[in-house]
Amino acid sequence: MVHIASVRVPALAGIAALMVAAAGSLAAVSPAAAAGPDLAAAQAIVDAHSKIPDFVPPGPPFDAKACMAGKKLLSIPVSSSIPFVDGIESSMAGVAKEIGFEFQQWKNQGQPTQWVQGMEFGTNNGFTAIDLMGGIIPSSLGPQVAAAKAAGVHVFASHYADTTQPRDPAAEVNLALPFNEVGKTIAAWITVKTGGKANVLIIGSEDVLPTDPYRKKIESTLDELCGDGCKHSYVNVTIPNWSTKIQTTVQSALIADPTINYIVPVYDSMSQFVLPALTITGRKDVKIATFNGTPFIIDMIQKGDVEMDVGESLGWIARSTLDGYMRKLCGLETYDTLNVPLYIFSAENAKDAGVPADFDKGYGDKHVDGFAKLWGLK
-18 MVHIASVRVP ALAGIAALMV AAAGSLAAVS PAAAAGPDLA AAQAIVDAHS
32 KIPDFVPPGP PFDAKACMAG KKLLSIPVSS SIPFVDGIES SMAGVAKEIG
82 FEFQQWKNQG QPTQWVQGME FGTNNGFTAI DLMGGIIPSS LGPQVAAAKA
132 AGVHVFASHY ADTTQPRDPA AEVNLALPFN EVGKTIAAWI TVKTGGKANV
182 LIIGSEDVLP TDPYRKKIES TLDELCGDGC KHSYVNVTIP NWSTKIQTTV
232 QSALIADPTI NYIVPVYDSM SQFVLPALTI TGRKDVKIAT FNGTPFIIDM
282 IQKGDVEMDV GESLGWIARS TLDGYMRKLC GLETYDTLNV PLYIFSAENA
332 KDAGVPADFD KGYGDKHVDG FAKLWGLK
């Protein structure tokens, strides 16, 4: 879900050092199911996410302009330096302007102390609600959440958990995303593309809450659909270390196991640190499959550097997030899952996202008219 601005990363420091790093960081290869690949089932999953998505109203229509008049929403993202996250924030700001209520992003660089400052700012400056977006766990800010609620400020959270995980009681509205479905889709794609002969390196980031169920779904789906011709291994690289450790970790893995043919950076912006490792080790044949739909990664698909990216429209995320929050603020029944479909970008359709790619192109525009009609704007 995330993207750190491009950074120069260190070159290969030495074969021996990398071999040691590989031994210390790579998880044991998981055993595959003793069966052949189920290519038909895998193809069906891929096909389901290869069509321009339809808009399904998440609830009954309401007059958003009337009920949001005079309300103020402060959104605190996990980090404003992540273009994917910042893009959602920008989209929410644009939608809020259409509806007619005040929206402000609390710009930060992903430091918990900055999240605390944002909570205090929202509590002390007349905001109706505070949104924790893109990875902040509400209960990690327990004292600040309690102070906000005592001051009559609502606390919401979105895009920080998988739909299989419990909702955090510290937030009044929790909008989760089916990261597990993303994992299943990526594993199905790899199964189809390799004909059931995949050796997959998964790069996770366990400081992001949904990473665990997401990567486990990749693994279990590979075991189920790819069969005894496939195997997978896993490494964890936290967000602050992406620019310094992903490249060397991938280099180590490729040297230790030259049969690796797919790499899955669980959040697509990690891919920029994978590519130098493929170049240095002479393994540009290794394919990258990932998730988020960040524009510069879709540009990489157009150039042939990345094979596929399961995308989620930032404009759709913004509208679904605000819809869920507004329903709560307007006294209506809300929900706990983002109304956001998943859509596969590959060489076949990457140019539909624009050249260069745009955060919200390629998904069609059914959600734009759909939400506008739902809110009484059309």
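The working numbering numbers the first residue of the sequence shown as -18 and each following residue consecutively.
Virtual Cβ for every residue (Gly too), placed ideally from N, Cα, C.
Being a predicted model, the structure only gives us computed values, none of them experimental.
- The criterion of a C-beta distance shorter than 9 angstroms is not satisfied by V231 and I279.
- DSSP places I26 in the uninterrupted alpha helix (DSSP H) bounded by L20 to A29.
- With contacts defined as CB atoms closer than 9 angstroms, D317 and L203 fail to qualify as a contacting pair.
- The DSSP-derived three-state label of K212 is strand.
- Beta-bridge pairing by DSSP links E83 to K53.
- For the pair V247 and T271, the Cα-to-Cα distance works out to about 6 angstroms.
- A237 has its alpha-carbon roughly 17 angstroms from the corresponding atom of V245.
- Taking a contact to require three or more Cβ pairs closer than 8 angstroms, the stretch 314 to 329 and the stretch 175 to 190 do not qualify as touching.
- If you draw a straight line from the Cα of L256 to the Cα of K284, it is about 12 angstroms long.
- Under DSSP, the beta-bridge partners assigned to S139 are M114 and L156.
- Just measuring C-alpha positions, the residue of P191, Q228 and I261 sitting nearest L158 is P191.
- The continuous alpha helix (DSSP H) containing L256 extends over residues S252 to I261.
- Rounded to whole angstroms, the separation of the alpha carbons of A234 and W170 is 22 angstroms.
- The shortest C-alpha to C-alpha distance from N89 to any of M114, S62 and W223 is the one to S62.
- Counting every other CB atom within 10 Å of its CB across the protein chains shown gives K359 a total below 16, marking it as exposed.
- Taken atom to atom, the span from the alpha-carbon of Q146 to that of P194 is near 8 angstroms.
- Beta-bridge partners assigned by DSSP to P42: none are found.
- In the DSSP assignment, F326 falls outside any alpha helix (DSSP H) and within the unbroken beta strand (DSSP E) covering Y324 to F326.
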